[in-house]
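Sequences listed follow chains A and B, in order.
To get this note's numbering, take the position in the first sequence, counting from 1, and add 130.
To get this note's numbering, take the position in the second sequence, counting from 1, and add 3.
All C-beta atoms in this analysis are idealised placements derived from N, C-alpha and C, irrespective of residue type, glycine included.
Structure first, commentary second.
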Amino acid sequence: MEDTLKHLKDITNKLSDLPTLPTVVSQITQLMQNPRTSAAEVGEAITTDQSLTSKTLKLVNSAFYGFPGRIKTITHAIVILGFTTVKNIVLTASILNVIGKTGKSKEFDQEAFWLHSVSTGAIAKVLAELYKHKISEEAFIGGLLHDLGKVIINHCVVDLFEEVLIYRDKHNCLLKDAEKGVLKVTHQEIGSWVAERWKLPSNLTAVIQYHHNPELAGDYKEITGLVHLADIFARALGSGSGGDNSIPIVSETIWNDMNFNSIDLPKFLERAEDEITKASIFLQAI
Amino acid sequence: MKKVPVTEIEDGMLLAKPILGTDGKILLAPGVELKATMSSRLRNWGVVIVNILEERDDTSEEKENKLNKLEMTFEQVLENPNMKLIYDAVKKHIMDSE
Ligand SMILES: [Fe+2]
Ligand SMILES: [Fe+2]
Numbered sequence: 131m132e133d134t135l136k137h138l139k140d141i142t143n144k145l146s147d148l149p150t151l152p153t154v155v156s157q158i159t160q161l162m163q164n165p166r167t168s169a170a171e172v173g174e175a176i177t178t179d180q181s182l183t184s185k186t187l188k189l190v191n192s193a194f195y196g197f198p199g200r201i202k203t204i205t206h207a208i209v210i211l212g213f214t215t216v217k218n219i220v221l222t223a224s225i226l227n228v229i230g231k232t233g234k235s236k237e238f239d240q241e242a243f244w245l246h247s248v249s250t251g252a253i254a255k256v257l258a259e260l261y262k263h264k265i266s267e268e269a270f271i272g273g274l275l276h277d278l279g280k281v282i283i284n285h286c287v288v289d290l291f292e293e294v295l296i297y298r299d300k301h302n303c304l305l306k307d308a309e310k311g312v313l314k315v316t317h318q319e320i321g322s323w324v325a326e327r328w329k330l331p332s333n334l335t336a337v338i339q340y341h342h343n344p345e346l347a348g349d350y351k352e353i354t355g356l357v358h359l360a361d362i363f364a365r366a367l368g369s370g371s372g373g374d375n376s377i378p379i380v381s382e383t384i385w386n387d388m389n390f391n392s393i394d395l396p397k398f399l400e401r402a403e404d405e406i407t408k409a410s411i412f413l414q415a416i
Numbered sequence: 004m005k006k007v008p009v010t011e012i013e014d015g016m017l018l019a020k021p022i023l024g025t026d027g028k029i030l031l032a033p034g035v036e037l038k039a040t041m042s043s044r045l046r047n048w049g050v051v052i053v054n055i056l057e058e059r060d061d062t063s064e065e066k067e068n069k070l071n072k073l074e075m076t077f078e079q080v081l082e083n084p085n086m087k088l089i090y091d092a093v094k095k096h097i098m099d100s101e
């Protein structure tokens, strides 16, 4: 553990070029925490950022949210979809805007990576709905951002990232194990470190940190378990690629906790594919 | 290319090899579209089997690619019963898809 922290520090010292989130994101998060904030106030804060506004409206009007083409302003969106949803969309749109194109290595397929991310989000959302957890939006964003650390490594220490890719091919192992071999830390640790610096909600930080061992996620075991399973199903369906040709073994704790044996898998897989199709609108926000 | 008995010719099948008369002259050229009603005429010419172009079935090819990829992805984890369950479900999902 000590060792991991030291290595994490070594790496993060090199992350000088770390992307920053636009200030409007923290502004909105603050406004949202105040129960007396009005839709108009939030709308105004978002509207100061023109490109964020148009991206948000594009997402809001997609089939993913079910009101295609009908919502004209941010205020209108807040009235129809509610504060939380719009905040989540703004958060997602701005993070994708900041990190979507930052990967540098030519050896890493970014398009496949983002399809994997969007697919994981979509499947996590379906799982949340299936289990009637009222966290389907958070589960979606969690899935979308779970591999954030890979983007950061690919952006900030691209030469090391390429060593990781070579190690992966040489040892025919999962990317996270190759990271451990080369960097001594993994994308989970680096991603959660960045999520904390960005002051992302703590459930997202937990998902990023524990999606490969969700039984350790404490209070956030539920959402982390959903994303853990979704990551595995995104790989199984071959929807994009997070940089692995193989697949990690599903956590037995989560499987049993969720009583996953009782799931109607054929129906679930169909819903998953439908949701991925709808969610692919988020690829346009990148 | 597949070999099809003249009695089983269906509308729209494409000839892969020419059909030659006894004198070696080409009666039907490759690429010609056959009709089921042609089978008696072909039989009169003494033809028993025709070579038919396999239509390129894009969906089946795509399915095959997906199944191959699935196979590779799960290669190292199939002893795990839960992973086997996921594998089987996704395999069936791919095969049942249109
Ligand atoms: Fe991961
Ligand atoms: Fe992943």
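Review point. Looking only at DSSP bridge pairs, what is residue 53(B) linked to?
Key: Per DSSP, the beta bridge partners of residue 53(B) are 7(B).
Check your understanding: If we ignore side chains and look at the alpha-carbon of each, how far apart do residue 237(A) and residue 284(A) end up?
Key -> Distance between residue 237(A) and residue 284(A), taken at the CA atoms: about 10 Å.
Check your understanding: Residues of chain A with CB under 8 Å from residue 69(B), in chain order?
Key -> Those are 368, listed as they occur along chain A.
Exercise for review: Verify the contact flag: residue 310(A), CB atom, against every heavy atom of ligand 1, threshold strictly below 8 Å.
Suggested key: Remark: the C-beta of residue 310(A) is outside contact range of ligand 1, defined as less than 8 Å to any heavy atom.
Practice item. Let me have the residue list for ligand 2: C-beta closer than 5 Å to any non-hydrogen atom, ordered along the chain. Key: Listed along the chain, these residues meet the criterion: 277(A), 361(A) and 372(A).
**Study point:** Chain-order list of residues whose beta-carbon lies under 7 Å from that of residue 361(A) (same chain, five-residue window excluded)
**Key:** Here the set comprises 250, 276 and 341.
Review point. Is residue 405(A) helix, strand or coil by DSSP?
Key: Collapsing the DSSP output to three states places residue 405(A) in a helix.
Review point. Under 8 Å from any heavy atom of ligand 1, does the C-beta of residue 206(A) make it?
Key: No, ligand 1 has no heavy atom inside 8 Å of this Cβ.
**Study point:** Contact with chain A by residue 62(B), beta-carbon distance below 9 Å
**Key:** No - not a single Cβ of chain A is within 9 Å of the one on residue 62(B).
Point to revise | Neighbour flag for residue 25(B) against chain A, beta carbons, 9 Å | key: Using a CB distance cut-off of 9 Å, residue 25(B) does not count as an interface residue toward chain A.
Exercise for review: Compare the C-alpha of residue 258(A) against each of 398(A), 412(A), 415(A) and 411(A) and name the closest.
Suggested key: Nearest option by C-alpha distance: 398(A).
Exercise for review: Using a cut-off of 8 Å between C-beta atoms, extract the partners of residue 101(B) located in chain A.
Suggested key: What residue 101(B) touches in chain A: nothing, since even the nearest Cβ is about 12 Å away.
**Study point:** N- and C-terminal bounds of the alpha helix (DSSP H) containing residue 278(A)
**Key:** For residue 278(A), the uninterrupted alpha helix (DSSP H) segment begins and ends at 278–286.
Review point. Residue range of the beta strand (DSSP E) that residue 1(B) falls in?
Key: It is not possible to answer for residue 1(B), since the shown part of chain B is limited to 4 through 101.
**Study point:** Cutoff 9 Å: residue 95(B) Cβ touching any chain A Cβ
**Key:** By this cut-off, residue 95(B) is an interface position.
Practice item. Look at the Cβ atom of residue 281(A), then the Cβ atom of residue 293(A), and state whether they are nearer than 9 Å. Key: Contact flag unset, no.
Point to revise | residue 385(A) burial status per 10 Å Cβ neighbour count (16 or more: buried) | key: Counting Cβ neighbours within 10 Å, residue 385(A) comes out buried, since at least 16 surround it.
**Study point:** Alpha-carbon to alpha-carbon, residue 227(A) and residue 356(A)
**Key:** Distance between the alpha carbons of residue 356(A) and residue 227(A): 25 Å.
Practice item. Please classify residue 344(A): is it buried, with 16 or more other beta-carbons within 10 angstroms of its beta-carbon, or exposed? Key: With 16 or more other Cβ atoms within 10 Å, it is buried.
**Study point:** Assigned secondary structure, residue 22(B) (DSSP; H/G/I helix, E/B strand, else coil)
**Key:** Strand, per DSSP.
Point to revise | Through-space distance from residue 377(A) to residue 87(B), alpha-carbon basis | key: Near 12 Å, if we compare the C-alpha coordinates of residue 377(A) and residue 87(B).
Check your understanding: Measuring CA to CA, which of 306(A), 307(A), 147(A) and 335(A) is closest to residue 233(A)?
Key -> Among 306(A), 307(A), 147(A) and 335(A), the Cα nearest to that of residue 233(A) is on 147(A).
Check your understanding: Any beta-carbon of chain A closer than 9 Å to the one on residue 72(B)?
Key -> Contact with chain A is found for residue 72(B), since one of that chain's Cβ atoms lies less than 9 Å from the residue's Cβ.
Review point. Using the beta-carbon of each residue, which ones in chain A are nearer than 7 Å to residue 83(B)?
Key: Listed along chain A are 379, each with a C-beta nearer than 7 Å to that of residue 83(B).
Practice item. Measuring alpha carbon to alpha carbon, tell me which of 395(A), 178(A) and 224(A) ends up nearest residue 205(A). Key: It is 178(A).
Check your understanding: When the Cα atoms are used, what is the spatial distance from residue 266(A) to residue 381(A)?
Key -> A straight-line Cα-Cα distance of about 21 Å links residue 266(A) and residue 381(A).
Check your understanding: Is the beta carbon of residue 318(A) within less than 8 Å of some heavy atom of ligand 1?
Key -> Residue 318(A) has its CB nearer than 8 Å to a heavy atom of ligand 1.
Point to revise | Close-in-space but distant-in-sequence residues of the same chain around residue 383(A) (CB under 6 Å, 5 per side omitted) | key: Closer than 6 Å at the Cβ level, and outside the excluded window around residue 383(A), lie 345.
Review point. Taking the DSSP output, what are the residues bridged to residue 17(B)?
Key: Answer is 36(B), bridged to residue 17(B).
Review point. Any C-beta of chain A sitting closer than 9 Å to the C-beta of residue 65(B)?
Key: Not one chain A Cβ lies under 9 Å of residue 65(B).
Check your understanding: Residue ranges of each alpha helix (DSSP H) run of no fewer than 4 residues wholly in the region 131–203 of chain A, ordered along the chain?
Key -> Whole alpha helix (DSSP H) segments, 4+ residues: 132–144, 153–163, 169–177 and 180–190.
Exercise for review: Could you tell me whether any non-hydrogen atom of ligand 1 is closer than 8 Å to the CB of residue 301(A)?
Suggested key: The answer is no for residue 301(A).
Check your understanding: residue 353(A) and residue 269(A): beta carbons closer than 9 Å?
Key -> It is a contact, given that the beta carbons lie within the stated cut-off.
Review point. CB of residue 306(A) to nearest heavy atom of ligand 1: below 8 Å?
Key: Answer for residue 306(A): yes, Cβ within range of ligand 1.
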